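> First, the structure itself, so that you have it in front of you.
Numbering (full-length UniProt numbering), first residue to last: 1 to 315.
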């Protein structure tokens, strides 16, 4: 297959992790189904921001799998070879709502990812969530991380912890640190830290992570903004005021924005003005996502002209 000069000039990203279907079962009325999974959302977010993106995942050759396929295809994301197979069902997360709207979740996950060779020309690899924690598929994800690190591709990681599926917090924290040790860019939420490292402050976790390969550590705090750390600088940034429809996929779109910005502007010379600009640009993407229903991150032409507006080093 030929590649146009425009396509070849675009950064290339690979995202590895779970893709599933969220099934919402209300107390009355029909159930709703929507594609989900943190890595899938990041892949869609990257593609909509102009990054040529491949999703390494596992889907079944079934109705749910076809729903996911159509969703990623509509956003320009390509599935890796072998992502769809007839010998497994597509993973699901079923949310059953009570009369107050509170949900209880049942997961039917299938994650046995086989070893994958990282494509030539990969500029960035993003891994995250259950795909980087649940065995046996975790082993293939770790191998991808090692391949990317050897090639000096950008590696990003968002643990997006799920205590209900990884209830052993100490083991989960050990596994998270193992992945983070090979990542250039690590994002966690305040909820991640509360589960994984409740006795550590964000600054303490940042110091731990930055002692390895990581050059940028970001902790998000929902509506409370975010804080970013490098070896020599740190900044806090508010998320700004926005009409929130729902928060589904907000953290994933923020993560996608960080990766896209890092691909465009790098992770070197991140002084306070540049860090502030990184967070502002990522918050802009997150703000669009929460202003509409579902995990629906913006395309680049929906953002302010010149996004992301990042000053030159030392400017």
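Quick reminder that beta carbons are idealized off the backbone N, C-alpha and C, glycines included. Note that the structure is predicted; figures quoted are calculated from it, not measured.
Can you tell me whether residue 262 is buried or exposed? The criterion is at least 16 other CB atoms within 10 Å of its CB, across all chains shown.
buried
> Taking the CB atoms as reference points, tell me whether residue 128 and residue 108 lie closer together than 7 Å.
no
> Please report how far the alpha carbon of residue 280 lies from the alpha carbon of residue 258, in whole angstroms.
10 Å
> Check whether the Cβ of residue 136 lies closer than 7 Å to any Cβ atom in chain D.
This model lacks chain D altogether; it includes just one protein chain.
> If you run the structure through DSSP and keep just helix, strand and coil, what is residue 248?
coil
> Taking the runs of the beta strand (DSSP E) that are 3 residues or longer, which of them lie wholly in the stretch 224-279?
226-229, 234-237
> For a quick check, are the C-beta atoms of residue 111 and residue 137 less than 7 Å apart?
yes
> With DSSP run on the structure shown, which of helix, strand or coil describes residue 324?
In the structure displayed, the chain extends from 1 to 315; residue 324 sits before or after that span and is not available.
> State the Cα-Cα distance for the pair residue 149 and residue 251, rounded to the nearest angstrom.
If you take the alpha carbons of residue 149 and residue 251, they lie about 24 Å apart.
> For residue 326, which of helix, strand or coil comes out of DSSP?
The first residue shown for the chain is 1 and the last is 315, placing residue 326 beyond what the model contains.
> Under three-state DSSP, which class holds residue 4?
Low per-residue confidence applies at residue 4: pLDDT is 43, beneath 50, and the placement is therefore not dependable, though the value from the model is reported in the following sentence. DSSP places residue 4 in coil when its eight states are reduced to three.
> Would residue 301 be called buried (16 or more neighbouring beta carbons within 10 Å of its own) or exposed?
exposed
> Select from 184, 59, 180 the residue whose C-alpha is nearest the C-alpha of residue 113.
Checking every option, the nearest Cα to that of residue 113 belongs to 59.
> If I measure Cβ to Cβ from residue 139 and keep anything under 6 Å in the same chain, skipping five residues before and after, which residues do I get?
none
> Assign residue 4 to buried or exposed, taking buried as 16 or more other Cβ atoms, counted over all protein chains shown, within 10 Å of its Cβ.
Because the pLDDT at residue 4 is just 43, under 50, the model does not fix this residue reliably, and the value given afterwards should be weighed accordingly. Per the 10 Å Cβ criterion, exposed.
> What three-state label does DSSP hand residue 141 in the structure shown?
helix
> So, at 8 Å on beta carbons, what are the nonlocal neighbours of residue 1 in its own chain, with the 5 sequence-adjacent residues on each side left out?
Unreliable positioning characterises residue 1 in this predicted model, as indicated by a pLDDT of 37, which lies under 50. A coordinate reading is not provided.
> Could you check which residue in 116, 105, 151 has the C-alpha nearest to that of residue 92?
105
> Once the 5 residues before and after residue 62 are set aside, which same chain residues still bring their CB inside 7 Å of it?
89, 90
> DSSP three-state call for residue 189: helix, strand or coil?
strand
> Looking only at C-alpha atoms, which of 33, 35, 73 sits nearest to residue 52?
Nearest C-alpha to residue 52: 73.
> Take residue 33 and list the residues in its own chain whose beta-carbon comes closer than 6 Å to its own, dropping the five residues that flank it on each side.
21, 23
> Alpha carbon to alpha carbon, what distance is there between residue 100 and residue 28?
12 Å
> Compare the C-alpha of residue 333 against each of 311, 16, 288, 274 and name the closest.
Because the chain here runs from 1 to 315, residue 333 falls outside it and cannot be looked at.
> Counting C-beta neighbours from all protein chains within 10 Å, is the total for residue 164 16 or more, i.e. buried, or is it exposed?
exposed
> For residue 217, write down the residues that DSSP places opposite it in a beta bridge.
186, 229
> Name the two residues that bound the continuous alpha helix (DSSP H) containing residue 46.
DSSP places residue 46 inside the alpha helix (DSSP H), whose first and last residues are 38-48.
> Measure the C-alpha to C-alpha separation of residue 288 and residue 44 and round it to an integer number of angstroms.
14 Å
> Let me make sure I understand the geometry here. Which of 79, 293, 308 has the alpha-carbon closest to that of residue 244?
293
> Where does the unbroken beta strand (DSSP E) through residue 56 begin, and where does it stop?
Unbroken beta strand (DSSP E) run through residue 56: 52-56.
> Under DSSP, the beta strand (DSSP E) around residue 12 begins and ends at which residues?
Here the beta strand (DSSP E) through residue 12 covers 12-16.
> Given this structure, state the Cα-to-Cα distance separating residue 31 from residue 181, to the nearest angstrom.
41 Å
> I'd like the span of the alpha helix (DSSP H) that includes residue 180, first residue to last.
169-180
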